[in-house]
Amino acid sequence: MKKILSIILLSFCTAIFAWPAQSSPLLNALTDGQHVLMIRHADAPGFSDPPSLKLGDCSTQRNLGERGRTQAKELGVWLKKQGIASAVVLSSAWCRCEETARLLGLGAVTTVPELGSFFQNMSDSGPQTNALKALLAQRLKAPAPSKPMILVTHQVNISAFTGTSVGQGELLLVKIGANGAFVSARSIATPHSD
4 MKKILSIILL SFCTAIFAWP AQSSPLLNAL TDGQHVLMIR HADAPGFSDP PSLKLGDCST
64 QRNLGERGRT QAKELGVWLK KQGIASAVVL SSAWCRCEET ARLLGLGAVT TVPELGSFFQ
124 NMSDSGPQTN ALKALLAQRL KAPAPSKPMI LVTHQVNISA FTGTSVGQGE LLLVKIGANG
184 AFVSARSIAT PHSD
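With the working numbering as the guide, the letters of the sequence shown map in order to residues 4 to 197.
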């Protein structure tokens, strides 16, 4: 009898752990072909970049601190708990964005110029935001993507595109129109949100 009960219990546990994870509202939105997740890079102490900034040379940039690295890893764990096992991850070329994107642990990171900071040259805001719209229109064409799209970028880029201000490591679920234009945004609360 004990052996039969053990077999039944083992079968039950195996079935539960083999059961596919349920979709979360966030995962459902990110695979409907109309939404992307925008993330401002995780905590990077300081303000702006030094005048000697060189892309590809992290020693010339403002970078993530330990708090930022922990924050990015925690975001990745939280996203996985929402059913997002992997994603199309696009990032700014700035080291703090690339590191945030990598530490999410959701797949390969592709650097795209459309997400680069224009903080030191705000006249680039319009042309670069239009380039981001074109990129999103092209990437979100039907059929709906099978993987969520995550964009890791800077405050100025997010604000120019959505009109919303976010803190370091904060997430916005952004609805995109057919032409790549911004439609709406909703802040996503995560365990580290203040």
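Built from N, CA and C at the ideal position, the CB exists for glycine as well.
Worksheet item: Near L138, what residues of its chain come up, given a Cβ to Cβ distance below 6 Å and the 5 sequence neighbours on each side ignored?
Response: Close CB contacts of L138 within its chain, under the 6 Å cut and outside five residues either way in sequence, are with E117 (chain order).
Discussion item. Between V92 and I153, how many whole angstroms is the CB-CB distance? I'm expecting something under 8 Å.
Written reply: Taking the Cβ atoms as the reference, V92 lies roughly 5 Å from I153, within the contact range of under 8 Å.
Item to complete: Check the C-beta distance from A32 over to H38 and give it rounded, since I have them as a contact under 8 Å.
Response: 4 Å between Cβ atoms; contact.
Discussion item. One question on the structure: do A134 and L107 come within less than 8 Å of each other, judged by their Cβ atoms?
Written reply: The beta carbons of A134 and L107 sit no closer together than 8 Å.
Fill in: Separation of D127 from L56, as counted between CA atoms
Cα to Cα, L56 sits roughly 17 Å from D127.
Worksheet item: Which ranges does the alpha helix (DSSP H) cover as unbroken runs of at least 4 residues, wholly within the segment 56–104, from first to last along the chain?
Response: For the segment 56–104, whole alpha helix (DSSP H) runs of length 4 or above, ordered along the chain, are 69–84.
Fill in: Per-residue DSSP class, three states only, for S187
S187 falls in the strand class under three-state DSSP.
Practice prompt. Using the Cα positions of A24 and A192, report the straight-line distance between them to the nearest angstrom.
Written response: Residue confidence is low: A24 scores 48 on pLDDT, short of 50, so the model does not pin down where it sits. Its coordinate-derived value is still stated next. Near 21 Å, if we compare the C-alpha coordinates of A192 and A24.
Item to complete: Taking only the alpha-carbon atoms, compute the straight-line gap between Q158 and V80 and give it to the nearest angstrom.
Response: A direct Cα-Cα distance of roughly 23 Å separates Q158 from V80.
Discussion item. If distances are taken between C-alpha atoms only, which option among L30, S168, Q171 comes closest to K84?
Written reply: The shortest C-alpha separation from K84 is found at L30.
Worksheet item: DSSP on L174, reduced to helix/strand/coil?
Response: The three-state secondary structure of L174, taken from DSSP, is strand.
Worksheet item: Does the ligand GTP have a heavy atom nearer than 7 Å to the CB of L175?
Response: What this structure holds is no ligand at all, so the ligand GTP is not there to describe.
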